[in-house]
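These protein sequence lines map, in sequence, to chains L and X.
Numbering follows this note's numbering, with no gaps: position 287 of the first sequence is 757.
Numbering follows this note's numbering, with no gaps: position 619 of the second sequence is 658.
Each residue gets a CB set at the ideal place from its N, CA and C atoms; glycine is no exception.
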Amino acid sequence: MGVNYHGRILKVNHEERGVNFQSVIATLHQFWSDRGCLIAQPYDVEKGAGTKSPHTFLRAIGPEPWSVAYVEPCRRPGDGRYGQNPNRYQYYYQYQVFIKPSPPNIQDTYLDSLRALGIRPEDHDIRFVEDNWEDAAVGAWGVGWEVWLDGMEITQFTYFQQCGGLDCSPVSIEMTYGLERLTMYLQEVDGIAKIKWNDCLSYGDVHLQGEIEQSTYNFEASSPSLLFNLFNLYEQEATQLIQRQLVLPALDYVLKCSHGFNLLDARGVISVSERTRYIGRIRSLARQVAQLYFTQRESLEFPLCKLPIASQITG
Amino acid sequence: MDKNTFLLEVGTEEMPATFVAGALHQWRSQISASLSDHFLTAESIEVYGTPRRLVVLVHGLPAQQPDRHEEIKGPSLQAAFTNGQPGKAAIGFAQKQGLGVEQLVTRLTDKGEFLFALKRTPGQPTSQLLSHLAYEWIMGLEGKRLMRWGDGDLKFSRPIRWLLALWQEQLLPITITNGTETMVSGLYSQGHRVLHPQPVEITHSSRYQSQLQSAFIQVNPLHRRHSIQEQVQAIARTVGGHAVIYPELLDEVTHLVEWPTAIIGAYDPEFLNLPPEVITTVMVTHQRYFPVLQGELGGELSAPIHGAPLLPYFITISNGDPAKSSLIAAGNERVIRARLADAQFFYQADTTHSLEEFLPKLEQVTFQDTLGSMGQKVGRIQEIAGCITRQLNLNAQQQQTILRTSLLCKADLVTQMVGEFPELQGVIGQNYALVSGESEEIACGIFEHYLPRNADDFLPQSLPGQVVGISDRLDTLVNIFGIGLLPSGSSDPFALRRAANAIINIIWSARLPLNLFTLLENTCIQFAAKGERQNPLPVLRDFFIQRVRNLLQDERSIDYDLVQAVLGDNDSTYTQLVLQDLLNGLDRALFLQTIRHNGTLGQIYPTVNRASRLAIHGDLPKEVLNPASIINPHLFLEPSEQGLYDALLQLLPITQSCQMDRDYQKLVAGLVAIAQPVSDFFDGPHSVLVMDENPDIRHNRLNLLAILRNHALILADFNCIVKDS
């Protein structure tokens, strides 16, 4: 069943209905839910990648098992193209799956998720091509691949080795699906705006105006002096929250620093050398939060280690 | 003896191409060494690999390690027995060797009779040893960025997922434990991910390759490489073209697939209006495709046809089902269309402006922390280029061209295209310069000023490219040295060694008559003048000397001592001459090497060297060449002194003319001719003792020798030359 934009209930023949953006998300939710993942909701602070959500960034730290899947809206102000570039938006969605410890059959399970989406690996050229990942601003790095589907990168696969400057033990696996790319592929459309979000509305209907306005904001209308001030204030707040050992509120302000920095960077007001310094400031905060989280969980005796939670993913 | 085969296959998640290549290389050299450490010899070792497996087949191994006999020396007979009874020393030794005293034997050595233990170490079954060795071979592999996985601490390139180990037809047990996960070897390999998803039972090591072949795995990288090459050219011929096969790309794709199929796809010919480098970068760097050029090749392995235009096709090497090629091609076509559309978007946006209009944006790009913007750097490049054009006495038009090239050389850095494809800096500048109506010469200079981009790259051929390339690098060197960021050891983040090498090589290869020392001096003064900064000239001069030394030895194959002779020994003024005239430095080095080979150096060496070594005791400045100005013939006591004096007078015009025209052959002929007078001076019937008691006579004689040394110094400091054997 679906609803058209007049609010009238439509009867939809599921056999004939093609794939759309929201059905891709629903399929992935169902798939990973069936394999024991917690289905979480997006985190409500601006961020450049799903990795920065506490569901990943914090849970990667320490010995406790964790399996989660969620959609994460990402903001990368510098990628704005006023909606004119068909393939690049400054606001888009990632589908993030994060499992600790990394299970032995994860590649097969991942390929099954593609089957669930209607992509039969048997019909395509699917490749795991080396791609290592590093986010210096949060002291995190890992090794893995970008997954190619007939030459198109559709997923980023990463075995976390370090997070917040701490060694990850056990190691987690992170899979980040590019939802727009996948859907464009499935719908055979050649532009993000043309993606059918549901049966009546396109991605462009939902987000195109936002792209234009946010690009204008990112590149022309933002006030650098205000943003510089905000960065300093966010940093102060994060620092005092770290002192009070409030992990999650502190992380929120680290994320705000990070986004603030991205806005300044997009505005072109940060020189190469200042860049390194700003990243250093954010990294220092992120490391402290990571360490704080570890200490906190340790003092709680790592409660999730005792739960019989479904951390072993079955294919 | 039975000869047996050992098969080991390590199954993994997809390893990086570079790791696989490196691992195979390591196994090739290390496995036979590891075997011989354990007294085993194999008849042959085959090493194979794909992204998902590393394989070694060891043929012709004995079933059993050979027994080893050792004679271990113990105490002397005298110390071992008292009254025919074994003492402490004998009993202790026997116990240590696990023998009874009665089992020890006596041997006569040159120090008397000693007790010996004869030990026989029985050989272990080879299979038992291999269980341990194989583990070491696997875990001993080195590579960049190894990873941990699961809850264990093992490190490997990517997670290990299965082990196949076969000793003849028997399973050979190998266990690898990673945290709670234990991998035990089995008799099964894995086939292709989608073409043969079932495990493959390997029944005999000799059938391994053919069984995997049936499971759509080509384990031999050489076969895959060859097959890719053939398929790529064959499919290119179907559209009347030929593929450009870059060796590094071929190596990489060889290790990206287990079952290669070449697939050709097309893109809209309208994209051909993009600079061809943009299209090939998208294909090669981003997509690992082979570009297709117009025209068919003569032979399979011929080089691509020079200057042939791109055809609107690409070739990808698929790891998928060959039967699905058209679907896979369609998918790839959509990807490259999107990528080229992006590039098209940047191209159109960029070319609504002229290249010059990008210049103000360079002010917003930082060159380095304390060294201002790229805009300021461009200003400095222009100044240095100005100095060079004046040194080279270029005409007004040439100067104009070079100044314009310097002005525009960095403008493309702030274009969207270079933002997207940083590796195309210079290429885009050249293209946009032409679109903006700049001359061919300027456009070419913009591109060439980045040359050479690496050790194997071309040098700039055009004068603007050469001059701006030198200026840009000189500015970087002076400024980065100026703020104290010198390269140290293997750390050279600003690639300063490469920059200095490039300057020297450009000057040498284009034979630019430049005084590099003056250029350095001026640039350093300019640098120091801005604020209270230290003048980096002394360090930088030594740095350049070191570069010259390295280049002469490593790239020009000049003997170490001859390079030292050109640079001189502990005389900075003499050494500096090389920077003041780099061409002369190179010519002298090459000439010395030539005359060493043809034997002339051996002829003049004793003469000049003898004079030079004694001349050190005098104090004559090195620039004095004319004996008439300094020698007092009234102090001569022997005709041999007059003889040498006359010979030096004869040599003077030769040396002076050689200073002008750099024809060192003349000088060397002169030095050959002076051998006899020198010999008479030292050894003849009228020879003299140089170190005479009379200081005036001594001084006069030392001066004669010093003048000879000074003549030779025009070519080299002979004190540094090691006598030819």
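| task | Would you please verify whether the beta carbon of M645/L is less than 8 angstroms from any beta carbon of chain B? | result | The chain labelled as chain B is not found among the protein chains of the depicted structure, namely L and X.
| If you draw a straight line from the alpha carbon of V663/X to that of V602/X, how long is it in whole angstroms? | Against the second sequence, residue 663/X aligns to sequence position 624. Against the second sequence, residue 602/X aligns to sequence position 563. Each residue's alpha carbon lies about 24 angstroms from the other.
| task | Compute the distance between the beta-carbons of W176/X and I241/X, then report whether it is under 8 angstroms. | result | On the second sequence, position 137 is the one that residue 176/X refers to. On the second sequence, position 202 is the one that residue 241/X refers to. Going by C-beta atoms, W176/X is not nearer than 8 angstroms to I241/X.
| Any C-beta of chain L sitting closer than 8 angstroms to the C-beta of R572/X? | If you number the second sequence from 1, residue 572/X lands on position 533. Judged by the 8 angstroms Cβ criterion, R572/X is not in contact with chain L.
| task | Establish whether the CB of G699/X and some CB of chain L are separated by less than 8 angstroms. | result | For the purposes of this step, residue 699/X is taken as residue 660 along the second sequence, with counting starting at 1. Residue identity check: residue 699/X is Met in the sequence provided, not Gly. No, M699/X does not count as interfacial toward chain L.
| task | Count the CB pairs spanning the segment 202 to 219 of chain X and the segment 555 to 568 of chain L that are closer than 8 angstroms, and state whether there are at least three. | result | no
| field | Ranges of the alpha helix (DSSP H) found wholly within the segment 459 to 535 of chain X, counting only runs of at least 4 | value | 466 to 474, 479 to 487 and 502 to 521
| field | Per-residue contacts from E462/X into chain L (C-beta, under 7 angstroms) | value | Position 423 of the second sequence holds residue 462/X. Under the 7 angstroms cutoff, chain L gives no residues; its nearest Cβ is about 17 angstroms from E462/X.
| query | If we ignore side chains and look at the alpha-carbon of each, how far apart do Y174/X and Y580/L end up? | reply | For the purposes of this step, residue 174/X is taken as residue 135 along the second sequence, with counting starting at 1. For the purposes of this step, residue 580/L is taken as residue 110 along the first sequence, with counting starting at 1. Distance between the alpha carbons of Y174/X and Y580/L: 30 angstroms.
| said: My output table needs one value for H345/X: the three-state DSSP class, helix, strand or coil. | reply: The residue labelled residue 345/X in the question sits at position 306 within the second sequence. In this structure, H345/X counts as coil in the three-state DSSP scheme.
| query | For Q383/X, which option in V317/X, P575/X and D451/X has the closest C-alpha, if you only look at C-alpha atoms? | reply | Sequence index remark: in the second sequence, residue 383/X carries index 344 (1-based). For the options V317/X, P575/X and D451/X, the alpha carbon positioned closest to that of Q383/X is the one of V317/X.
| request: Decide if T653/L is buried, meaning its Cβ has at least 16 other Cβ atoms within 10 Å, or exposed. | output: Against the first sequence, residue 653/L aligns to sequence position 183. The residue in question, T653/L, is buried, as its Cβ has 16 or more Cβ neighbours within 10 Å.
| Separation of W618/L from E16/X, as counted between CA atoms | Nothing about residue 16/X can be reported from this structure: the residues present for chain X run from 40 to 764 only.
| Which stretch, first to last residue, makes up the alpha helix (DSSP H) that contains V317/X? | Taking the first residue of the second sequence as position 1, residue 317/X is located at position 278. Residues P315 to T320.
| field | Boundaries of the beta strand (DSSP E) in which A610/L is found, first to last residue | value | Stepping through the first sequence from its first residue, residue 610/L is reached at position 140. Where A610/L is concerned, the enclosing beta strand (DSSP E) stretches over A610 to L619.
| How about D307/X and P348/X: are their beta carbons less than 8 angstroms apart? | Counting from one through the second sequence, the residue named residue 307/X turns up at place 268. Counting from one through the second sequence, the residue named residue 348/X turns up at place 309. The answer is no: Cβ separation not under 8 angstroms.
| message | Are the CB atoms of L394/X and F329/X within a distance shorter than 8 angstroms? | response | Translated into positions along the second sequence, residue 329/X becomes position 290. Translated into positions along the second sequence, residue 394/X becomes position 355. No, these two residues do not count as a Cβ contact at 8 angstroms.
| field | S412/X - DSSP class collapsed to helix/strand/coil | value | Residue mapping note: residue 412/X aligns to position 373 of the second sequence, counting from 1. Judged by DSSP in its simplified three-state form, S412/X adopts strand.
| Beta-carbon neighbours of V317/X, restricted to chain L and to distances below 7 angstroms | As a first step, residue 317/X is located in the second sequence; it is residue number 278 there, counting from the start. Ordered by position in chain L, no residue passes the 7 angstroms Cβ test against V317/X, which lies about 16 angstroms from the chain.
| task | Note down, in chain order, every chain X residue with its Cβ under 7 angstroms from the Cβ of N602/L. | result | Counting from one through the first sequence, the residue named residue 602/L turns up at place 132. Per Cβ cutoff of 7 angstroms: R184.
| I662/L to E650/L, Cα distance in whole Å? | Along the first sequence, one-based indexing puts residue 662/L at 192. Along the first sequence, one-based indexing puts residue 650/L at 180. For I662/L and E650/L, the distance between alpha carbons rounds to 6 angstroms.
| query | Got a sec: does the ligand PLP put a non-hydrogen atom nearer than 7 angstroms to the Cβ of A510/L? | reply | Inclusion of the ligand PLP in the displayed structure is not the case, the ligand content being empty and no account of it being possible.
| field | Rounded straight-line distance, which links the Cα of G657/X to that of P692/X | value | Position 653 of the second sequence, counted from the first residue, corresponds to residue 692/X. Position 618 of the second sequence, counted from the first residue, corresponds to residue 657/X. Rounded to whole angstroms, P692/X to G657/X spans 24 angstroms at the Cα level.
| said: Taking a contact to mean a Cβ-Cβ separation below 8 angstroms, would you say A301/X touches I344/X in this structure? | reply: Taking the first residue of the second sequence as 1, we reach residue 301/X at position 262. Taking the first residue of the second sequence as 1, we reach residue 344/X at position 305. When the beta-carbon positions are compared, A301/X and I344/X stay at least 8 angstroms from each other.
| Exposure label - D605/L; buried when at least 16 CB within 10 Å | Within the first sequence, residue 605/L is the residue found at index 135, counting from 1. Per the 10 Å Cβ criterion, buried.
| field | Helix, strand or coil at Y306/X according to DSSP, with G and I counted as helix | value | On the second sequence, position 267 is the one that residue 306/X refers to. Here Y306/X sits in coil by DSSP.
| query | With contact counted as at least three CB pairs below 8 angstroms, one residue from each stretch, are the segment 673 to 692 of chain X and the segment 722 to 741 of chain X in contact? | reply | Judged by pairs of C-beta atoms under 8 angstroms, the segment 673 to 692 of chain X touches the segment 722 to 741 of chain X, as three or more such pairs exist.
| Among T57/X, R376/X, L336/X and V321/X, the one whose alpha carbon lies nearest that of G279/X | Taking the second sequence and counting its residues from 1, one reaches residue 279/X at position 240. Per the C-alpha coordinates, the member of T57/X, R376/X, L336/X and V321/X positioned closest to G279/X is L336/X.
| Span separating the alpha-carbon of G472/L from that of V676/L | On the first sequence, residue 472/L is found 2 positions in, with the first residue counted as 1. On the first sequence, residue 676/L is found 206 positions in, with the first residue counted as 1. Confidence at G472/L is low in this model, with a pLDDT of 41, below 50, so the placement of that residue should be treated as unreliable; the coordinate-derived value is given next. Roughly 17 angstroms between the two C-alpha positions.
| Are the C-beta atoms of D735/L and some chain X residue less than 8 angstroms apart? | Along the first sequence, read from residue 1 onward, the residue named residue 735/L stands at position 265. Not closer than 8 angstroms to any Cβ of chain X, the Cβ of D735/L fails to qualify, so no.
| According to DSSP, residues forming a beta bridge with M186/X | By one-based count along the second sequence, residue 186/X stands at place 147. Bridge partners of M186/X: F195/X.
| Between the C-alpha atoms of T614/X and G607/X, what's the straight-line distance to the nearest angstrom? | Position 575 of the second sequence, counting from 1, holds the residue named residue 614/X. Position 568 of the second sequence, counting from 1, holds the residue named residue 607/X. The alpha-carbon of T614/X is positioned some 6 angstroms away from that of G607/X.
| request: Take S68/X as the anchor and find which of N43/X, V95/X, R159/X and K661/X has the nearest alpha-carbon. | output: Along the second sequence, one-based indexing puts residue 68/X at 29. The candidate whose alpha carbon is nearest that of S68/X is V95/X.
| With 16 as the cutoff for other CB atoms within 10 Å, does F497/X come out buried or exposed? | Here the question's residue 497/X lines up with position 458 in the second sequence. Exposed, since its Cβ has fewer than 16 Cβ neighbours within 10 Å.
| task | Could you please tell me which residues of the segment 343 to 368 of chain X, in chain order, have their CB closer than 7 angstroms to any CB of chain L? | result | T355, S357, N358, G359, D360, K363, L366 and I367
| message | Counting only Cβ pairs nearer than 8 angstroms, list the residues of chain X close to N702/L. | response | The residue labelled residue 702/L in the question sits at position 232 within the first sequence. Going along chain X, no residue has its Cβ under 8 angstroms from N702/L, so there is no contact; the nearest lies around 21 angstroms.
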